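Chemist: First the structure, which I've put down as structure tokens, then a few questions once you've had a look.
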Amino acid sequence: MSRVAHHTAEELADLKHRAPLLRLDGVTKTFPGVKALDDVSFDVRHGEVHALLGENGAGKSTLMKVLAGVHRANSGTIHLNGEPVEVNSPLEAKARGIVLVHQELSLAPELSVAENIFLGSLPTKRFGLVSWKRLNAAATHILDRLGVKFESYDRVGDLSIANQQMVEIARALVFTPKVVVFDEPTASLTDAEKVVLFDVIAGLKKEGTGIVYISHRMDEIFTLSDRITVLRDGQTRGTLNTRDTDEDGVTRLMIGRSLDKSARKAAPEPGPVALEVKGLSCGDLFRDISFSLRRGEVVGMYGLVGAGRTEIAETIFGLRAKDGGEIRIDGAPVDISGPPDAIRHGVALAPESRKEQGLVLGMNCRDNMSLSQLDAVSRGGWLDRGAEQAIYDEYAGRLSLKAPSWRTPVRNLSGGNQQKVVLGKWLGVKPRVLIVDEPTRGIDVGSKSEIHALIRRLAAEGIAVLVISSEMPEVLAVSDRILALYHGRLAREFAAADVTEDALVQAISGL
Amino acid sequence: MADTLASLRRYMVIPPIWLFLLACVAFFSVLTDDFLAPGNFTNILIQTSTIGIIALGMTVVMINGNIDLSVGAVVALAASLSVGLQDQLGTLPAVVVGLGSGVALGLLNGMIVWKTGVDAFIVTLGAMIGVRGLVFIYTGEQSFFAMDFAYSDFGMSTIAGLPTLAAIFLVFAAIMHWVMTATVHGRNAYAVGGNREAAEHAGVRVGRHMVINFMLVGFCAALAGVTLSTQMGASTPNLGRDYELWTITAVVLGGTKLAGGAGSILGTLGGVLTIGVLRNGMNLMQVPAFYVLVVMGVILIAVLFIDARVNRRGAGELRL
Amino acid sequence: MTKLDIQSGQAAPRLGVPDRDALRETLQKQGILIAFALFLVGFSLMSDRFASWDNVSTVFRQVSIIGTMALGVTVVVITGNLDLSVGSLLSFATVLVVDLHDQIGPAPAILVMFAATLLIGCVNGLLVGYGRLNSLIVTLGMLSAIQGLTLIYSGGQNVDIADQEGTWFAVFGRGFLLGLAVPTLIFLGLAVAFHVMLTRTSFGRRVFAVGGNPTASAFSGVRRARVVFSAYVLSAFTTACAAVILGSRVMGSQNNVGQGYELLVLSGVILGGASLLGGSGSIPKTVIGVLILGFIQNGLLLMGYPYYAQWLVTWVVIILAVWLDVASKRGAFFTRTS
Amino acid sequence: QDTIRVGITQNNVGVDSYQTTYEQAFIEAAEADPAVEAVVLDAGGDVARQIGQMRDLIQQDVDVIVIWPTNGQAVVPVVRQAHQAGIPVVVTNSQIAEAGFDFIASFSGPNNITQGQYSAQMMCEALNGEGQIVQISGQPGYTTAIERQKGFEDELAASCPGVEILETQPGDWNREKSQRVMENFLTKYDDIDGVYSGDDNMGVGALNAAKAAGRDGIAFIGATNFAVGYEAMGRGEYWGSVYQSPVEDAKNALATAKAVAQGEDVPFLNYFDTPKITQSNMDEFSKPVF
Ligand SMILES: Nc1ncnc2c1ncn2[C@@H]1O[C@H](COP(=O)(O)OP(=O)(O)OP(=O)(O)O)[C@@H](O)[C@H]1O
Ligand SMILES: Nc1ncnc2c1ncn2[C@@H]1O[C@H](COP(=O)(O)OP(=O)(O)OP(=O)(O)O)[C@@H](O)[C@H]1O
Ligand SMILES: [Mg+2]
Ligand SMILES: [Mg+2]
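Have a look at this one:
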């Protein structure tokens, strides 16, 4: 393996005027019922971070999968270093130095971190024996670079999602790749890990690697990228120099209009308390949590990953047994035995992990949406398809879901659109108390503000909403009050009017 | 070195089935006199060696997310060939042909699963029926008998006090344990079963990998057929019926997931021995034939039940 | 703001011809039907008896036992579980109903048999549903236990109905209604009922959800244990129905009549495209799967091959049928896996 | 040493009434005889298990072993082992392979070849030497099935060339399976004059199929007369069979074993009588208990 020579700054500047490292021309890809890519062209230069932007379902992941040999395009060409190449399988892509860090985790849970990182190219001794020494040394070397807190021999299935994402990223660093594609790498990373990732990207850049970066987070795009290409409906809408444009310009290209940032209406007078939690505790996951939600109110819950927010939500939803404290709904103490009971009490939880907890991937969009309210859409056990369709139509519309048809299995939707189905499924319940856990993970900026508006509107209709989020702008944008969690305890409560970013950061860091 | 140890340690974890095995051994030792006799243990080892050898290969195939229902028929085919061809070819070449037939059928199964994408369950179910047909075509319904009594004497011989067949089983188990924990191929089996797409994207040649595993289980089944026929000095066309179900049961009891991605040879060994000990113990206790069936069924379920209680996760688990 | 290379013009309208797509989608999913049709044509060409009404109705009658059982097993498989106990449960139920027939009369015998069989279904359901135990081992254990129970009950003796002509019990296996055999009617009637249940009721939806993703269904308020429990009871129910047909058809029973049926039934279900991983499957396709099995056996017999040659052909046909099915969904004959 | 310890390993008790009745009769006979103590084992149809049981019996050093072979070839080596250990072996019900003849003291049981021949003779008689028949054989690969089929086919070819076997298919000793096979035969052949089945259980299945299809005038001949077959014969629907009593079988085996153990001379092939039973002579026989 020859390392790519380091370039001086001048050389790098010069590179921009050279032939691109990678060029995709006229790529078209259709799935049954969808033209996911329509004559897309795109190029990446040495040492460049090229951001790929677009709404959910615009075709970003598909384009990168074509590049990485996962999908075969209907037509189009790929040039690497000016040479036309065929990429018919992931293996071929790898051999040509093209690495894709997938949007969806693709790890083998039973294997160790090191084995996952070197999957497909484990170092060997004689007789096909794994050389554990070299494997772990090499893996540790990469992990040190990423500054992670787990060991190379830990079982991947035991890691948190964020850490699994780090393993996925570590994979990209095994060989000196020519092109690395990051597909929404930060969707489940914390700030600390993000910093590490950006360092890694900077390092790759210095080595002359071409980088494609997909994200829905504008701040990241503008921090990292040199150029931005916007996809819309499977077509290229344009490529811009990052320093020549701004968020608004890109957004307009992406969704055809500017974002209405003033979506936040004045909060109506909140109604009576719908949910009250007193001294709720569960093992060492969280202790002594007390708060209340009023009808018509949106409360944000903010904290670091592992602060216990999800567990609190799960406990309220009856998925965990509490070992102390009390939950009241509309003033009456309740003992919720499980989700069916919770739903009966008017509590809904849109979970954070869409694939594991949110969706039946093989089931179509409509049926997924109505799954949380089967009793409501059936009479005497008989399904009322009209009622189901009505729910689907309403929330597909309100969330601008992009699906070929209601019959499409959610497996075939883009990541962001899958998340929309999860939301639609729980918004449709019209609960008294709605808990949404990381509601906009992987959702494009346009839809994100629509979802925020929708949450506000639901509150205005008299629902009490708890929004769990790791994104400060989101919490700030939607909440009337904010609960800051630190290490399983309620650190502070803020009113939206007098919260500052600094105070919030301090509160969740235990300061 | 420390790293190597640490990374190896988790592959040496004792699977829970061994606890039940111990419990069963204790139970029968108390309730029957003959159970603890050394001759009895070698008996159990011989009796479990057939299913056991197949189970070793089945474990690998199941870890990588497939299944092989044709093993019982392959047992019959390999036994028939290795006994039936002795007159023409001589003993050793006949055995080689028998073993080869298993590998060849494994290759066929594997290639079909790989190239057509048809589920292994269907492919090997077809083979389970069809290979039995091959056996009947070859044997013309007849049983074969090894004129060479050395053949059956081999099945009864011992090495250093250990019956040869038991020794073959244990040595083979050790080899397979090593393959699954220390070789690239073994580790890839977990990757392919745990997340096939991921393995494919990472450049594991999934198709070839699966074919090799099918050949391996085919070889194991054929080897079991050969050892079984040395026990009998003969072969019968109906040999190995139902073996697929008992093999899979032993493997699953040992902790291998039906869906793939997890499992171990050690666990399988425990599963195989548990079933063997149960059968043997009930024989010694002279449980009447009809009741053996009931007791066997109930114990299988009880093992699972206790296992689930013992392994119940703590407070971290969701109430689903 | 410098635009480097913005494309001109509006985005072209997306390719979307829903009707044609829906049609193609539907056609694509019918690979198994095409396979079935091909075999029927093939057999008809090779044997002039094959395509006769007599023969077709005979095959329907013959598959009705396995077919009826396959309906319940389909539900279990869709929930992501297995039921290997149906074979020995069939033996148990048949021995019971036949034996009781002469002792307490047909109607009470049927009632008692259904009660006992459903009870065993409940045990399966409790263990797999509420106990969350591995369904393969539970039902295999039950296979063995039920076999033992049957033998203990009958003392290992065959059971027979003495008065075969005079009992109305004969109608289930031997009767005809409107020119159709009663077993066929029971099978197809139950198939329609099960199909409606799976596609039109909330229970059916829950069955698919639980099999597709148990965790997500639990988060959605579906009671997994209850659904799985019900699936096993349904499986026991269809097995009991099959036992009535079998007992009446044969007017007697051996203790092992259902031996090996578990795999036969399961093959029918899997041939119909249900996945062992759960979440997919359909009654009409299970019916087709079972019919394929029945027609293969019948067709090969009519052609007069020796039985082992039939086994070889069965091998090829089963794989070809499913291959055609998966190939049509994939749009290619071979996989791209390296 | 006063009592004789007889160890028996049976084929597959419970799989059909014959074997079950045999076992009961054997146990009863042993209990009735104060000079005999019996160790009764069942191989459950599994050759490997039967070999294990043989070894156990050798280990226990019983005075004589009775074996109902699950397979005539596969048990030869272990029978040889017993022989070498000085334990006489009596084979019961179905014969072992010729290679093992040197190692056994005696065979006690029916002659399946003869039974096949009897059936062929009855078939010839029923059809007056002229006609087309089908055959439903037992489970493929099992000695009894093979021997009966062989006896039947050879005798028919030799002494009754006018009767032609259209086709043979296995019915696996299963009445329902045989019913299905017969239904297909009926579709396939417009003209069937007779049906030979490997036992009455299957024969009655075939009869069921013919009755359901309304096809009269078919002569049904079976073997191992079962109660259902006996009754059908009484109704005039079943032509004939071979009478074989499991009780006789069991008693014969025990008596042979006892004699062998006591060092008496016994004939090597100790067949017990299995006469033809037809509609005309059935009154001479009591209805089988199974
Ligand atoms: N395997 C597939 N089968 C059918 N359709 C698919 C498949 N994969 C993607 N699609 C469709 O292709 C289109 C583009 O999807 P893609 O995943 O590329 O979007 P994306 O831009 O990555 O969106 P997101 O930001 O939500 O991840 C979507 O309409 C999606 O439904
Ligand atoms: N340090 C850690 N090591 C391993 N797993 C962790 C760690 N911290 C948290 N986890 C796991 O990660 C998951 C997410 O943590 P948790 O749900 O407690 O955090 P949260 O406050 O809800 O944050 P988020 O919603 O951002 O994930 C949980 O399953 C938790 O067990
Ligand atoms: Mg995407
Ligand atoms: Mg969380």
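Chains as they are written, first to last, in this note's numbering: chain A, 34 to 544; chain B, 4 to 323; chain C, 185 to 522; chain D, 22 to 311. Backbone N, C-alpha and C fix where the C-beta goes; we use that ideal spot for every residue, glycine too. Given the structure is predicted, the values throughout are model-derived calculations rather than measurements.
#1: Taking all protein chains shown into account, decide if residue 121 of chain A is buried (16 or more other Cβ within 10 angstroms of its Cβ) or exposed.
#2: Does the Cβ of residue 7 of chain A lie closer than 8 angstroms to at least one heavy atom of ligand 3?
#3: Does the distance from the CB of residue 334 of chain C to the CB of residue 276 of chain C come in under 9 angstroms?
#4: What ranges does the alpha helix (DSSP H) occupy inside the segment 89-126 of chain A, keeping only unbroken runs of at least 4 residues that lie completely in it?
#5: Just checking, does the segment 320-338 of chain A make contact with the segment 499-509 of chain A on the three C-beta pairs under 8 angstroms criterion?
#6: Locate the alpha helix (DSSP H) running through residue 325 of chain A, then write down its first and last residues.
#7: Relative to the alpha-carbon of residue 116 of chain A, which residue among A/140, A/57, A/91, A/104 has its alpha-carbon at the smallest distance?
#8: So for residue 262 of chain D, helix, strand or coil by DSSP?
#9: Counting Cβ pairs, one atom from each stretch, are 3 or more of them under 8 angstroms apart for the segment 321-333 of chain A and the segment 267-274 of chain A?
#10: Ligand 3 and residue 136 of chain A: does the residue's C-beta get closer than 8 angstroms to at least one heavy atom of that ligand?
#11: Suppose you measure from the CA of residue 318 of chain B to the CA of residue 371 of chain A; what does that come to, to the nearest Å?
#12: Of all the options A/191, A/533, A/305, A/264, which has the alpha carbon lying nearest to the alpha carbon of residue 326 of chain A?
#13: Which class does residue 181 of chain D belong to by DSSP, given the choice of helix, strand or coil?
#14: Residue 127 of chain A: buried (16+ other C-beta within 10 angstroms of its C-beta) or exposed?
#15: Give me the chain C residues within the contact set of residue 471 of chain A, using Cβ-Cβ distance strictly less than 7 angstroms, ordered along the chain.
#16: Tell me whether the beta-carbon of residue 63 of chain D lies closer than 9 angstroms to the beta-carbon of residue 31 of chain D.
#17: What whole-angstrom Cβ distance do residue 253 of chain B and residue 229 of chain B have, given they're in contact under 8 angstroms?
#18: Any Cβ of chain A within less than 9 angstroms of the Cβ of residue 198 of chain B?
#19: Evaluate residue 341 of chain B with the Cβ neighbour count: other Cβ atoms within 10 Å of its Cβ, from every protein chain shown; 16 or more gives buried, anything less gives exposed.
#20: Looking at the secondary structure, which residues open and close the alpha helix (DSSP H) in which residue 189 of chain B lies?
#21: Between residue 365 of chain A and chain B, is there a C-beta pair that is closer than 9 angstroms?
#22: Are the Cβ atoms of residue 345 of chain C and residue 488 of chain C separated by less than 9 angstroms?
#23: My parser needs the alpha helix (DSSP H) runs of 4 or more residues fully inside the segment 414-486 of chain A; what are they?
#24: Helix or strand or just coil, what does DSSP make of residue 253 of chain A?
#25: Checking contacts by CB at 9 angstroms: is residue 386 of chain C closer than that to chain A?
#26: Check whether the Cβ of residue 20 of chain B lies closer than 9 angstroms to any Cβ atom in chain C.
#27: Thinking residue 211 of chain D and residue 245 of chain D are a contact (beta carbons under 8 angstroms), I'd like their distance in whole angstroms, please.
#28: Going by C-alpha to C-alpha distance, which of B/303, B/159, B/28, B/240 sits closest to residue 84 of chain B?
#29: Are residue 495 of chain C and residue 133 of chain B closer than 9 angstroms when you measure CB to CB?
#30: How big is the Cα-Cα spacing for residue 206 of chain D and residue 490 of chain C?
#31: Pick helix, strand or coil for residue 542 of chain A, following the three-state DSSP scheme.
#32: In the segment 99-124 of chain A, which residues sit with their C-beta less than 9 angstroms from some C-beta in chain B, listed in chain order?
#33: What residues in the segment 484-499 of chain C bring their beta carbon closer than 7 angstroms to a beta carbon of chain D?
#34: List, in order along the chain, the chain A residues whose C-beta lies closer than 8 angstroms to that of residue 421 of chain C?
#35: Buried or exposed, going by whether 16 or more other CB atoms sit within 10 Å of the CB of residue 174 of chain A?
#36: Should residue 53 of chain A go down as buried or exposed, given a rule of 16 or more other Cβ atoms within 10 Å for buried?
Modeler: The answer reads as follows:
#1: On the first sequence, residue 121 of chain A is found 88 positions in, with the first residue counted as 1. Per the 10 Å Cβ criterion, exposed.
#2: No information on residue 7 of chain A is available, as it lies outside the stretch 34 to 544 that chain A covers here.
#3: Counting from one through the third sequence, the residue named residue 334 of chain C turns up at place 150. Counting from one through the third sequence, the residue named residue 276 of chain C turns up at place 92. In this structure, residue 276 of chain C lies closer than 9 angstroms to residue 334 of chain C by Cβ.
#4: The qualifying runs are 93-100.
#5: Touching, per the Cβ criterion.
#6: Residue numbering aside, residue 325 of chain A sits at position 292 when the first sequence is read from its first letter. Counting along the chain, residue 325 of chain A falls outside any alpha helix (DSSP H), though it belongs to the beta strand (DSSP E) covering 319-327.
#7: As a first step, residue 116 of chain A is located in the first sequence; it is residue number 83 there, counting from the start. If we check each option's Cα against that of residue 116 of chain A, A/57 comes out closest.
#8: If you number the fourth sequence from 1, residue 262 of chain D lands on position 241. Strand, per DSSP.
#9: When Cβ pairs closer than 8 angstroms are counted between the two stretches, the segment 321-333 of chain A is seen not to touch the segment 267-274 of chain A, the count staying below three.
#10: By 1-based counting over the first sequence, the position of residue 136 of chain A is 103. Yes, the beta carbon of residue 136 of chain A sits closer than 8 angstroms to at least one heavy atom of ligand 3.
#11: Indexing the second sequence from 1 puts residue 318 of chain B at position 315. Indexing the first sequence from 1 puts residue 371 of chain A at position 338. In this prediction, residue 318 of chain B has a pLDDT of 44, which is less than 50 and means its spatial position is unreliable; nothing more can be read from the coordinates.
#12: As a position in the first sequence, residue 326 of chain A is number 293, starting the count at 1. The residue from A/191, A/533, A/305, A/264 with its alpha-carbon nearest to that of residue 326 of chain A is A/305.
#13: Stepping through the fourth sequence from its first residue, residue 181 of chain D is reached at position 160. If DSSP states are grouped into helix, strand and coil, residue 181 of chain D belongs with coil.
#14: Taking the first residue of the first sequence as 1, we reach residue 127 of chain A at position 94. Around the CB of residue 127 of chain A, 16 or more other CB atoms lie within 10 Å, so the residue is classed as buried.
#15: Position 438 of the first sequence holds residue 471 of chain A. Neighbours of residue 471 of chain A in chain C, taken as residues at a C-beta separation under 7 angstroms, are lacking, since the least C-beta distance is about 14 angstroms.
#16: Reading the fourth sequence from its first residue, position 42 is the one you call residue 63 of chain D. Reading the fourth sequence from its first residue, position 10 is the one you call residue 31 of chain D. It is a contact, given that the beta carbons lie within the stated cut-off.
#17: Mapped onto the second sequence, residue 253 of chain B falls at position 250. Mapped onto the second sequence, residue 229 of chain B falls at position 226. Residue 253 of chain B to residue 229 of chain B, Cβ: 20 angstroms. No contact.
#18: Start at 1 with the first residue of the second sequence, and residue 198 of chain B comes out as number 195. Chain A, which has a Cβ nearer than 9 angstroms to the Cβ of residue 198 of chain B, makes this yes.
#19: The structure shown does not extend to residue 341 of chain B, since chain B is modelled only from 4 to 323, so the question has no answer here.
#20: For the purposes of this step, residue 189 of chain B is identified with residue 186 of the second sequence, where counting begins at 1. Boundaries of the alpha helix (DSSP H) around residue 189 of chain B: 187-197.
#21: Counting from one through the first sequence, the residue named residue 365 of chain A turns up at place 332. Chain B contact via Cβ: absent.
#22: Taking the third sequence and counting its residues from 1, one reaches residue 345 of chain C at position 161. Taking the third sequence and counting its residues from 1, one reaches residue 488 of chain C at position 304. Contact annotation: residue 345 of chain C and residue 488 of chain C have beta-carbon atoms that are not nearer than 9 angstroms.
#23: Counting only runs of 4 or more, we get 418-431, 448-460.
#24: Position 220 of the first sequence holds residue 253 of chain A. Helix at residue 253 of chain A.
#25: The sequence position of residue 386 of chain C within the third sequence is 202, counting from 1. For residue 386 of chain C, the nearest beta carbon of chain A is closer than 9 angstroms to its own beta carbon.
#26: For this step, residue 20 of chain B is matched to residue 17 along the second sequence. With 9 angstroms as the cut-off, residue 20 of chain B does not count as an interface residue toward chain C.
#27: Residue numbering aside, residue 211 of chain D sits at position 190 when the fourth sequence is read from its first letter. Residue numbering aside, residue 245 of chain D sits at position 224 when the fourth sequence is read from its first letter. Contact between residue 211 of chain D and residue 245 of chain D is absent: CB atoms are separated by about 30 angstroms, not below the 8 angstroms threshold.
#28: Locating residue 84 of chain B in the second sequence gives position 81, where the first residue counts as 1. Nearest neighbour of residue 84 of chain B by Cα position, chosen from B/303, B/159, B/28, B/240, turns out to be B/240.
#29: Along the third sequence, read from residue 1 onward, the residue named residue 495 of chain C stands at position 311. Along the second sequence, read from residue 1 onward, the residue named residue 133 of chain B stands at position 130. In contact: residue 495 of chain C and residue 133 of chain B (Cβ atoms closer than 9 angstroms).
#30: Position 185 of the fourth sequence, counted from the first residue, corresponds to residue 206 of chain D. Position 306 of the third sequence, counted from the first residue, corresponds to residue 490 of chain C. Cα to Cα, the separation comes out at about 13 angstroms.
#31: Locating residue 542 of chain A in the first sequence gives position 509, where the first residue counts as 1. Correct three-state label for residue 542 of chain A: coil.
#32: With the criterion set as a beta carbon lying under 9 angstroms from some beta carbon of chain B, the members of the segment 99-124 of chain A are 101, 102, 103, 122, 123, 124, in sequence order.
#33: Among the residues of the segment 484-499 of chain C, those with a Cβ less than 7 angstroms away from any Cβ of chain D are 485, 486, 488, 491, in the order of the chain.
#34: Residue 421 of chain C sits at position 237 when you count from the first residue of the third sequence. Neighbours of residue 421 of chain C on chain A: none; closest Cβ ~17 angstroms, over 8 angstroms.
#35: For the purposes of this step, residue 174 of chain A is taken as the residue at position 141 of the first sequence. Classification for residue 174 of chain A: exposed.
#36: Your numbering for residue 53 of chain A matches position 20 in the first sequence. The residue is buried, with at least 16 neighbouring Cβ atoms inside 10 Å.
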